[in-house]
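Let me begin by presenting the structure, written as structure tokens, before commenting on it.
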Amino acid sequence: MINTTEMRKRAVTKFTDSREWKAFHERQMEFAEDMAKYGNPYFIAHDSVLRDTSIMNGKDIINFGSYNYVCLSGDPEVNEAAIEAVKKYGTSASGSRLLAGEKTIHKELEAKIAKWKHTEDALVLVGGHSTNVTFVGNFCNENDLILYDILSHNSISQGLKISKADKKRFPHNNFSRLERLIENNRDKYEKILIVVEGVYSMDGDIAPIDEFVRIKKKYGCFLMVDEAHSACVIGENGGGVDEYFNLAPDDIDIKMGTLSKGLGTCGGYLAGSKELIEYLRYNLPGFVFSVGLSPVLTAAVIKGIELLERDNTRVQKLHKNIEIFMREAHKHGFDTCLAGETAITPIMIGDDELAFRLSMVMQEDGIFVPPALYPAVPRGKARLRYCLNSDHTEEQIVYAMEVLKRRLTR
Ligand SMILES: Cc1ncc(COP(=O)(O)O)c(C=O)c1O
Numbered sequence: 053m054i055n056t057t058e059m060r061k062r063a064v065t066k067f068t069d070s071r072e073w074k075a076f077h078e079r080q081m082e083f084a085e086d087m088a089k090y091g092n093p094y095f096i097a098h099d100s101v102l103r104d105t106s107i108m109n110g111k112d113i114i115n116f117g118s119y120n121y122v123c124l125s126g127d128p129e130v131n132e133a134a135i136e137a138v139k140k141y142g143t144s145a146s147g148s149r150l151l152a153g154e155k156t157i158h159k160e161l162e163a164k165i166a167k168w169k170h171t172e173d174a175l176v177l178v179g180g181h182s183t184n185v186t187f188v189g190n191f192c193n194e195n196d197l198i199l200y201d202i203l204s205h206n207s208i209s210q211g212l213k214i215s216k217a218d219k220k221r222f223p224h225n226n227f228s229r230l231e232r233l234i235e236n237n238r239d240k241y242e243k244i245l246i247v248v249e250g251v252y253s254m255d256g257d258i259a260p261i262d263e264f265v266r267i268k269k270k271y272g273c274f275l276m277v278d279e280a281h282s283a284c285v286i287g288e289n290g291g292g293v294d295e296y297f298n299l300a301p302d303d304i305d306i307k308m309g310t311l312s313k314g315l316g317t318c319g320g321y322l323a324g325s326k327e328l329i330e331y332l333r334y335n336l337p338g339f340v341f342s343v344g345l346s347p348v349l350t351a352a353v354i355k356g357i358e359l360l361e362r363d364n365t366r367v368q369k370l371h372k373n374i375e376i377f378m379r380e381a382h383k384h385g386f387d388t389c390l391a392g393e394t395a396i397t398p399i400m401i402g403d404d405e406l407a408f409r410l411s412m413v414m415q416e417d418g419i420f421v422p423p424a425l426y427p428a429v430p431r432g433k434a435r436l437r438y439c440l441n442s443d444h445t446e447e448q449i450v451y452a453m454e455v456l457k458r459r460l461t462r
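One gets this note's numbering by counting positions in the sequence shown from 1 and adding 52 to each.
Here is the structure:
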């Protein structure tokens with residue numbers, strides 16, 4: 053028999069009585085003492101472009117915290133393109149592109165991204181996170197299966213939550229387990245979508261995309277690669293996973309990327325076959341029911357890709373900086389997680405509080421590096437998440453590693 057008193061819920065009428073607030077507040081309390089002593093490591097304001105340096109609290113600081121990997125944000129030519137666009141179009145697309153928000157430069161940008169990513173067409177959306185949510189959330193139906201890496205970014209997990217498809221995860225980068233999962237499930241589903249990232253954002257490792265391509269071809273699956281941290285970074289010209297693994301243009305079905313990282317603005321893109329993009333243009337909720345990308349950002353990304361195509365000096369400089377960072381970090385005996393060839397070069401600290409404290413005290417040494425703490429990483433695996441860009445100098449990197457060594461041995 054159903055006990056009706058058990059079913060009755062206690063009414064929550066004040067937000068501070070909610071489970072959500074209580075859990076958040078408890079977590080805040082864990083760091084209250086350190087925050088009182090060292091300050092808050094979150095929402096630190098920067099009053100300049102984030103390149104090798106930035107201005108924090110009115111002072112120059114060496115910046116290891118941002119995703120401006122090839123320094124397109126703040127580039128004079130990119131700025132100029134954005135200024136010209138603002139003069140011509142204003143600051144907003146002022147409507148969904150389907151109805152009133154379409155601009156000639158949207159078409160131009162999508163053609164540029166398609167050419168850059170070797171696909172037939174592309175679509176740009178207003179957010180990288182929302183691009184994943186809406187695509188992963190809507191590409192599959194109840195007859196389908198989505199297979200995803202256990203370390204998938206939150207934007208992918210949020211999409212999984214709304215998708216009607218069945219979902220199964222596989223251990224990080226473990227393509228053998230993925231293959232077994234497909235073997236056991238191929239005949240139960242219509243579409244199978246495999247979702248992985250080109251470079252993982254907490255460890256800085258490159259996924260074995262060539263293996264995922266082999267598997268997706270063997271079993272007739274769809275492969276989506278999130279290139280948030282691989283586009284503009286890996287490959288001789290920053291072409292991303294296609295270039296790095298020397299893939300054929302259609303080896304990956306859905307090439308997803310953000311405009312906010314290497315490309316220096318804000319937004320997301322999906323690149324793929326003519327038919328897929330045509331379908332998404334009329335059907336993808338996060339595109340159809342959202343405003344078009346701001347013309348300012350659209351023009352800035354067009355110029356950014358143009359600069360990347362002009363020559364690869366920025367990408368090569370970034371690669372050199374990654375090499376220098378690895379050399380210096382290993383010289384001091386630091387654990388660089390799974391990093392080595394990407395702009396995300398974390399150093400494992402272990403304890404949450406120590407990582408937090410180091411991040412704060414190194415600001416006194418003129419260095420900004422954010423901590424990555426639980427729940428962003430597993431407990432006991434806190435790290436300082438250094439991010440490199442093409443403007444960093446050897447001196448800045450050498451100094452940063454010396455400072456960390458000194459702070460750790462004090
Ligand atoms: C792998 C990955 N995908 C998607 C996103 C979301 O991109 P955006 O910050 O442009 O919304 C991020 C952001 O950090 C990311 O790391």
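Beta carbons: idealized from backbone N, C-alpha and C, even for Gly. Keep in mind that this is a model prediction, so the values were computed, not measured.
{"Check": "DSSP three-state label for Leu102, please.", "Outcome": "coil"}
{"Check": "Could you pull out every residue in the same chain whose Cβ sits closer than 7 Å to the Cβ of Gln448, ignoring the five residues on either side in sequence?", "Outcome": "Asp104, Ile114"}
{"Check": "Between Gly316 and Asn193, how many whole angstroms is the CB-CB distance? I'm expecting something under 8 Å.", "Outcome": "With a Cβ gap of about 36 Å, Gly316 and Asn193 do not count as contacting."}
{"Check": "How about Glu129 and Lys355: are their beta carbons less than 7 Å apart?", "Outcome": "yes"}
{"Check": "Under 6 Å: does the beta carbon of His181 sit that close to some heavy atom of ligand 1?", "Outcome": "yes"}
{"Check": "Starting from Tyr271 and walking both ways along the alpha helix (DSSP H), at which residues does that stretch end?", "Outcome": "261-271"}
{"Check": "Report buried or exposed for Ile202, applying the criterion of at least 16 other Cβ atoms within 10 angstroms of its Cβ.", "Outcome": "exposed"}
{"Check": "Report yes if the C-beta of Ser125 is less than 6 Å from at least one heavy atom of ligand 1; otherwise report no.", "Outcome": "no"}
{"Check": "With H, G and I counted as helix, E and B as strand and the rest as coil, what does DSSP make of Asp173?", "Outcome": "strand"}
{"Check": "According to the neighbour-count rule (16 or more other Cβ atoms, all chains shown, within 10 Å of its Cβ), is Asp363 buried or exposed?", "Outcome": "exposed"}
{"Check": "Where do the ends of the beta strand (DSSP E) carrying Val247 lie?", "Outcome": "244-249"}
{"Check": "Can you give the beta carbon distance from Lys219 to Ile234, rounded, assuming they're within the 8 Å contact cut?", "Outcome": "14 Å between Cβ atoms; not a contact."}
{"Check": "So is the beta-carbon of His224 under 6 Å away from any non-hydrogen atom of ligand 1?", "Outcome": "no"}
{"Check": "Using a Cβ-based criterion (distance less than 6 Å to any ligand heavy atom), does Ala280 qualify as near ligand 1?", "Outcome": "yes"}
{"Check": "Could you tell me the boundaries of the alpha helix (DSSP H) in which Gly432 lies?", "Outcome": "Element bounds for Gly432: n/a, residue is neither H nor E."}
{"Check": "Please confirm whether Ile329 and Val293 have their CB atoms less than 7 Å apart.", "Outcome": "no"}
{"Check": "Do Val122 and Cys284 come within 7 Å of each other at the CB atom, strictly closer than that value?", "Outcome": "yes"}
{"Check": "Ligand 1 and Thr65: does the residue's C-beta get closer than 6 Å to at least one heavy atom of that ligand?", "Outcome": "no"}
{"Check": "At a cut-off of 6 Å, would you count Ser207 as near ligand 1, judging by its Cβ distance to the nearest heavy atom?", "Outcome": "yes"}
{"Check": "Just verifying my parser: in three-state terms, what is the DSSP assignment at Ala424?", "Outcome": "strand"}
{"Check": "For a quick check, are the C-beta atoms of Tyr321 and Ala174 less than 7 Å apart?", "Outcome": "yes"}
{"Check": "If you draw a straight line from the alpha carbon of Ala259 to that of Val248, how long is it in whole angstroms?", "Outcome": "8 Å"}
{"Check": "Please name the residue, chosen from Asp278, Tyr252, Asp257, that lies closest to Leu245 on a Cα-to-Cα basis.", "Outcome": "Asp278"}
{"Check": "Pick out whichever of Ala88, His224, Lys74, Ser312 has its Cα sitting closest to the Cα of Glu405.", "Outcome": "Ala88"}
{"Check": "On the CB-based measure, 16 or more other CB atoms within 10 Å of its CB, does Ile157 come out buried or exposed?", "Outcome": "buried"}
{"Check": "In terms of alpha-carbon separation, which member of Leu230, Tyr252, Ser282 lies closest to Leu390?", "Outcome": "Tyr252"}
{"Check": "Compute the minimum distance between the beta carbon of Thr310 and the heavy atoms of ligand 1, and state whether it is under 6 Å.", "Outcome": "yes"}
{"Check": "What whole-angstrom Cβ distance do Lys318 and Leu349 have, given they're in contact under 8 Å?", "Outcome": "According to the sequence shown, residue 318 is Cys rather than Lys. About 6 Å; that satisfies the 8 Å criterion."}
{"Check": "If you measure between the beta carbons of Asp305 and Tyr241, is that distance less than 7 Å?", "Outcome": "no"}
{"Check": "From Lys270, Gly142, Leu150, pick the residue whose C-alpha is nearest to that of Phe341; which is it?", "Outcome": "Leu150"}
{"Check": "I need the DSSP call for Tyr252, collapsed to helix, strand or coil.", "Outcome": "coil"}
{"Check": "Which residue marks the beginning of the beta strand (DSSP E) containing Pro398, and which one marks its end?", "Outcome": "396-402"}
{"Check": "Would you call the CB atoms of Glu380 and Val450 closer than 7 Å?", "Outcome": "yes"}
{"Check": "If we cut at 7 Å on Cβ distances, does Lys169 have a partner in chain C?", "Outcome": "Protein chains in the displayed structure number just one, and chain C is not present."}
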